[in-house]
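So the structure is just underneath, and the comments pick up after that.
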Amino acid sequence: MREIRNIVILTGAGISAESGVATFRGPDGLWEGHRVEDVATPEAFTRDPGLVQAFYDARRAKLKGVEPNAAHRALARLDAEWPGDLLIVTQNVDDLHERAGAERVLHMHGELRSAWCLACDGRSRWEAPLGDGPACPACGAQGRMRPDIVWFGEMPYEMDRIEAALVEADLFVSIGTSGAVYPAAGYVQTARYRGAQTLEMNLEPSQGSYFFHESRIGRAGDLVPAWVEEMLG
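Heads up: the sequence shown at position 74 corresponds to 65 in the numbering used here, and the numbers run straight through without jumps.
The structure is reproduced here in structure tokens:
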């Protein structure tokens, strides 16, 4: 194993589920009572913007009632103390990594507390509802703001930056992901092909578990702090 200096960490719904954030899709195929096709596609927004805005307004409001857990705090500690390059690539749209103190975070699927203006292409930090058609803080356009969320059929954010980090990584770690949603599900293969060690931490083996050198099965709140202690100890 080559010396570990550069680390890429991928986090998914499993890490925030322990804080009470609903996972993306339940066993019944619904996302908080809605079909994904009705709330997470550009076509859904065109067809029924009121429903889509209300769905994300409710999810944004729920963030006020959840807090980072031990796994988020452990990754924030690693971020603060790791001397090499480190990038936390999260599929989650909550802000629990940042609230725990992490700074080297990339939201590949966007953020609930961000709004995107379709008139000027500007993005603004956002806490209030979007369903009542507020004006864009940048250009003043009324009713042109949408959730800054990557929906099905749209390109995840900062793919070039993620790819560059994976190529340089000595260690790739996946936490709380299903291994079913691409492109994130393919990151382990990219990193391993370039010579990185690979580690998975999950409640159960992911669909791509066989790509990892090591799998640790259990709660993120238990596994991640223990792993961070290993890395820093």
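Idealized CB from N, CA, C, for every residue including glycine.
Euclidean distance between Cα positions of residue i and residue j
{"i": "D213", "j": "M150", "result": "30 angstroms"}
{"i": "S197", "j": "T2", "result": "13 angstroms"}
{"i": "N60", "j": "E9", "result": "7 angstroms"}
{"i": "Y173", "j": "C130", "result": "34 angstroms"}
{"i": "W117", "j": "D85", "result": "12 angstroms"}
{"i": "A135", "j": "G209", "result": "The question names Ala, but residue 135 is Arg in the sequence shown. Rounded to whole angstroms, R135 to G209 spans 43 angstroms at the Cα level."}
{"i": "G5", "j": "I166", "result": "7 angstroms"}
{"i": "M(-8)", "j": "A49", "result": "Legend: pLDDT at M(-8) = 44, less than 50; position of this residue unreliable, value from coordinates given subsequently. Cα-Cα distance, rounded: 46 angstroms."}
{"i": "I0", "j": "K55", "result": "25 angstroms"}
{"i": "M222", "j": "H63", "result": "16 angstroms"}
{"i": "A176", "j": "L190", "result": "13 angstroms"}
{"i": "T181", "j": "G124", "result": "42 angstroms"}
{"i": "T169", "j": "T81", "result": "Correcting the residue type first, residue 169 is Ser in the shown sequence and not Thr. Answer to the nearest angstrom: the Cα atoms are 13 angstroms apart."}
{"i": "P74", "j": "R26", "result": "43 angstroms"}
{"i": "P216", "j": "V57", "result": "19 angstroms"}
{"i": "C127", "j": "D139", "result": "13 angstroms"}
{"i": "V219", "j": "D39", "result": "44 angstroms"}
{"i": "E205", "j": "N193", "result": "11 angstroms"}
{"i": "A187", "j": "A106", "result": "36 angstroms"}
Range covered by the beta strand (DSSP E) that runs through residue i
{"i": "I(-2)", "result": "I(-2) to T2"}
{"i": "T81", "result": "L77 to T81"}
{"i": "E205", "result": "E205 to I208"}
{"i": "S105", "result": "G101 to C108"}
{"i": "V164", "result": "L162 to I166"}
{"i": "S115", "result": "R114 to R116"}
Backbone secondary structure at residue i - three-state DSSP
{"i": "D139", "result": "strand"}
{"i": "Q180", "result": "helix"}
{"i": "H88", "result": "helix"}
{"i": "L66", "result": "helix"}
{"i": "E191", "result": "strand"}
{"i": "V27", "result": "helix"}
{"i": "I(-5)", "result": "coil"}
{"i": "R95", "result": "coil"}
{"i": "L157", "result": "helix"}
{"i": "A126", "result": "strand"}
{"i": "P74", "result": "coil"}
Boundaries of the alpha helix (DSSP H) in which residue i is found, first to last residue
{"i": "M222", "result": "A211 to L223"}
{"i": "G41", "result": "P40 to K53"}
Assigned exposure category for residue i - 16 Cβ within 10 Å defines buried
{"i": "Q44", "result": "buried"}
{"i": "E72", "result": "exposed"}
{"i": "Q133", "result": "exposed"}
{"i": "L162", "result": "buried"}
{"i": "G144", "result": "exposed"}
{"i": "Y178", "result": "buried"}
{"i": "M146", "result": "exposed"}
{"i": "R51", "result": "buried"}
{"i": "E102", "result": "buried"}
{"i": "L121", "result": "buried"}
{"i": "A155", "result": "exposed"}
{"i": "C108", "result": "buried"}
Near the ligand FMN: residue i beta-carbon under 7 angstroms from a heavy atom
{"i": "A65", "result": "The ligand FMN is absent from the structure shown, which contains no ligand whatsoever."}
Test: residue i CB closer than 8 angstroms to a CB of chain C
{"i": "D85", "result": "No chain C is part of this structure, which consists of one protein chain only."}
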